[in-house]
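Down below is the structure, laid out as structure tokens.
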Amino acid sequence: MIMTTFGLTREPFHRHDAALLAQQAEALEMIRIHAQHGGFCVIVGNPGVGKSVLREHLEQLGKERDTVVVSFTQTMHTYQPILKQLAASLQLTAAAGALEKELVQAAFRHVQSNKTLYIVIDEAHLLDVAILRKLRLLFERFPRKHTLVLLGHPELMFRLSMMCNEDIKSRISYSRQGMIWQCAHFKG
23 MIMTTFGLTR EPFHRHDAAL LAQQAEALEM IRIHAQHGGF CVIVGNPGVG KSVLREHLEQ
83 LGKERDTVVV SFTQTMHTYQ PILKQLAASL QLTAAAGALE KELVQAAFRH VQSNKTLYIV
143 IDEAHLLDVA ILRKLRLLFE RFPRKHTLVL LGHPELMFRL SMMCNEDIKS RISYSRQGMI
203 WQCAHFKG
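Just so you know, we're using the working numbering here: the sequence shown kicks off at 23 and counts up by one.
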């Protein structure tokens, strides 16, 4: 309605192809590198530091022939809905009991067709650590050409730094201050 009333051709206050800052471009490049080896990346920062812009650029990778991007912009708070949304994005139909197995097989099919799989979960700080643990275990079974990218607030790293979550945090091997981001290769 605003566009019609004021005769606008573009939606006001909407970001259109926001450019990456130097550290965002560096983060994107590191994510791409880690995806070739099976990555687990955590990008944390306070609201407004540019995590959503980075997510949008990651989503744009899905337009390339050799990539598949599954992006969760609204965090599901339980494990099964995440699996169902991931399966729907990969166009899989399977019973709930066989969903994990089908997702792993689908990932192998993508790799066989020379594609890299990016799974991006925004607002990951809202996920329970038990769900993060299940996701880490699931994605460790995926072939090497994939990455799981968690975007969230600094409290995510605080929770992962707790001794009881060392199994998840130990997978993260790179860190940087500012828009703090960390990446790791899955060990297998």
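Just so you know, even glycine gets a beta-carbon here, dropped at the ideal spot from N, CA and C.
Just so you know, these numbers come straight off a predicted model, no measurement behind them.
Span of the beta strand (DSSP E) around residue i
{"i": "residue 172", "result": "168-174"}
{"i": "residue 139", "result": "138-143"}
{"i": "residue 75", "result": "Segment 73-82 is the alpha helix (DSSP H) holding residue 75; no beta strand (DSSP E) there."}
{"i": "residue 93", "result": "89-94"}
{"i": "residue 61", "result": "61-66"}
Where residue i falls, given that 16 or more other Cβ within 10 Å makes a residue buried
{"i": "residue 119", "result": "exposed"}
{"i": "residue 200", "result": "The pLDDT assigned to residue 200 is 49, lower than 50, so where the model puts this residue is not dependable, and the model offers no usable value."}
{"i": "residue 28", "result": "exposed"}
{"i": "residue 85", "result": "exposed"}
{"i": "residue 178", "result": "buried"}
{"i": "residue 96", "result": "exposed"}
{"i": "residue 189", "result": "exposed"}
{"i": "residue 52", "result": "buried"}
{"i": "residue 197", "result": "Its pLDDT being 49, under 50, residue 197 is placed unreliably by the model, and nothing is read from it."}
Nonlocal neighbours in the same chain, by C-beta distance under 6 Å from residue i, ignoring five residues either side
{"i": "residue 128", "result": "112, 114"}
{"i": "residue 93", "result": "81, 142"}
{"i": "residue 170", "result": "62, 141, 161"}
{"i": "residue 105", "result": "121"}
{"i": "residue 110", "result": "none"}
{"i": "residue 40", "result": "75"}
Range of the contiguous alpha helix (DSSP H) that encloses residue i
{"i": "residue 164", "result": "No alpha helix (DSSP H) holds residue 164; DSSP gives it neither H nor E."}
{"i": "residue 135", "result": "No alpha helix (DSSP H) holds residue 135; DSSP gives it neither H nor E."}
{"i": "residue 148", "result": "Segment: none, residue 148 is in no alpha helix (DSSP H) and carries neither H nor E."}
{"i": "residue 86", "result": "Here residue 86 belongs to no alpha helix (DSSP H), and DSSP marks it neither H nor E."}
{"i": "residue 46", "result": "44-57"}
{"i": "residue 179", "result": "177-182"}
{"i": "residue 102", "result": "101-111"}
Residues near residue i by beta carbon distance below 7 Å, same chain, minus five either side
{"i": "residue 181", "result": "151, 187"}
{"i": "residue 132", "result": "90, 139"}
Spatial neighbours of residue i in its chain, beta-carbon cut-off 8 Å, leaving aside the 5 residues before and after
{"i": "residue 89", "result": "83, 137, 138, 139, 140"}
{"i": "residue 68", "result": "175, 176"}
Practice task
Evaluate the contact criterion for the region 56-69 versus the region 99-108: three or more CB pairs, one atom per stretch, below 8 Å.
Solution key: Proximity of the region 56-69 to the region 99-108 falls short of the contact definition, fewer than three beta-carbon pairs being nearer than 8 Å.
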